[in-house]
Amino acid sequence: MVIMIKRTAAALKPDLRAHGESQKLPRQLAHAVLALVCAIGINSCQYSSSQSTVDEPSAELRVLASRYRIDFDTPLNSDAGWAAAENQSAELFYDYPFRLRVQTVAETAPDHGHELRLQYRRGNGQWLPVGMAEFPYPAFATPMVSTLSATAYQAGEETERLLGDPELEWDEAIALSATAVTPVWRTTGDALEWEWPLVIRRFSDGPSFAEDEERFEFRLVDGMGLVLGGRQPAPVILRARAGHLGGT
27 MVIMIKRTAA ALKPDLRAHG ESQKLPRQLA HAVLALVCAI GINSCQYSSS QSTVDEPSAE
87 LRVLASRYRI DFDTPLNSDA GWAAAENQSA ELFYDYPFRL RVQTVAETAP DHGHELRLQY
147 RRGNGQWLPV GMAEFPYPAF ATPMVSTLSA TAYQAGEETE RLLGDPELEW DEAIALSATA
207 VTPVWRTTGD ALEWEWPLVI RRFSDGPSFA EDEERFEFRL VDGMGLVLGG RQPAPVILRA
267 RAGHLGGT
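When we follow my numbering, the leftmost residue of the sequence shown carries the number 27, and every step to the right adds one.
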């Protein structure tokens with residue numbers, strides 16, 4: 027950057043002397059520096075903007091319904107193993123994987139398509155992305171909340187309608203396994219169901235320890251970090267099973 031600024035200054039000097047305007051050099055240089063910095067920084071600025079979460083609900087994407095499964099091994103499209111009724115809060119256990127099934131709809135789709143991922147927060151804390159870390163033996167880090175590999179289905183297995191209004195138009199989506207983000211999709215007008223395998227750990231990196239009766243919330247965001255409109259999943263209340271200390 028310094029070399030380019032010097033060259034810019036050198037190129038300006040003859041012209042300025044010829045017109046008797048050497049006093050304008052500082053202003054000309056300032057403009058050149060500003061333009062150069064903007065050109066260099068524009069990509070990083072765009073990246074930062076696209077990755078930030080926007081709390082204003084999306085007009086394009088909505089959550090229609092959701093439900094928690096406490097039985098991690100229930101077959102994907104079985105209407106069983108639920109922790110609570112549809113759209114209701116559930117009681118779950120630390121260090122016991124569960125699943126979250128969500129029904130969504132898109133009114134429109136951009137050319138680049140849609141992606142969905144989960145965020146979570148503990149109590150009234152900051153919303154954080156749900157990443158991927160196996161349980162009970164993660165490879166690189168031990169987050170408090172993560173997706174993991176499913177045991178009851180294969181990644182990409184198609185979902186059948188289990189949630190929401192049966193009169194709505196419908197199309198198959200998929201269940202996720204060992205990933206936090208859906209594939210890119212562009213279906214509009216039809217209800218889609220997605221299912222994530224999840225775990226909430228009592229002990230996690232920090233170190234951090236989660237108490238009994240703590241509240242956790244999940245929400246869906248799109249690939250640009252925009253929060254979906256509609257009815258986001260209800261909170262869950264966590265506790266340890268009798269005699270369980272946590273960890274692996």
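Where is the CB? At the ideal position from N, CA and C, for every residue including glycine.
query                                                                                                 : result
Boundaries (first-last residue) of the beta strand (DSSP E) holding residue 130                       : 124-132
Alpha-carbon spacing of residue 173 relative to residue 114, whole angstroms                          : 21 Å
Backbone CA spacing between residue 219 and residue 125 [nearest angstrom]                            : 13 Å
Three-pair Cβ contact test at 8 Å for the stretch 187-206 versus the stretch 161-170                  : no
Contact belief for residue 129 with residue 182 at Cβ below 8 Å, rounded distance in angstroms        : Rounded, the Cβ-Cβ distance is 18 Å, inconsistent with contact.
Proximity below 8 Å, CB of residue 158 to CB of residue 227                                           : no
Proximity to residue 179 [Cα-Cα], best of 267, 90 and 101                                             : 101
Residue 134 versus 214, 221, 184 and 246, residue with shortest Cα-Cα distance                        : 214
Neighbour-count burial assignment, residue 271, 16 or more Cβ in a 10 Å radius                        : exposed
Through-space distance from residue 140 to residue 237, alpha-carbon basis                            : 36 Å
8 Å CB neighbourhood of residue 153 in its chain, flanking five on each side removed                  : 79, 145, 146, 147 and 245
Per-residue burial, residue 142 [other beta carbons within 10 Å of its own, 16 or more giving buried] : buried
Neighbour-count burial assignment, residue 104, 16 or more Cβ in a 10 Å radius                        : exposed
Own chain residues within Cβ distance below 6 Å of residue 206, not counting five before or after     : 143, 156, 157, 158 and 173
Start and end residues, beta strand (DSSP E) containing residue 200                                   : Element bounds for residue 200: n/a, residue is neither H nor E.
Inter-residue spacing [alpha-carbon to alpha-carbon] between residue 233 and residue 118              : 22 Å
Supposed close pair residue 84, residue 216 - CB separation, criterion 8 Å                            : That belief does not hold up - the Cβ atoms of residue 84 and residue 216 are roughly 17 Å apart, past 8 Å.
For residue 140, three-class secondary structure by DSSP                                              : strand
Rounded separation between residue 240 and residue 122 - CA only                                      : 15 Å
Buried versus exposed, by CB contacts within 10 Å (16 or more), residue 263                           : exposed
Boundaries of the beta strand (DSSP E) in which residue 96 is found, first to last residue            : That residue, residue 96, is in no beta strand (DSSP E); it is neither H nor E in DSSP.
Three-way DSSP call (helix, strand, coil) for residue 88 in this model                                : strand
Contact set for residue 222: own chain, Cβ-Cβ below 7 Å, skip 5 residues either direction             : 125, 126, 144, 173 and 202
CA-to-CA distance, residue 87 to residue 250, given in whole angstroms                                : 12 Å
Residue 220, DSSP secondary structure in three states                                                 : strand
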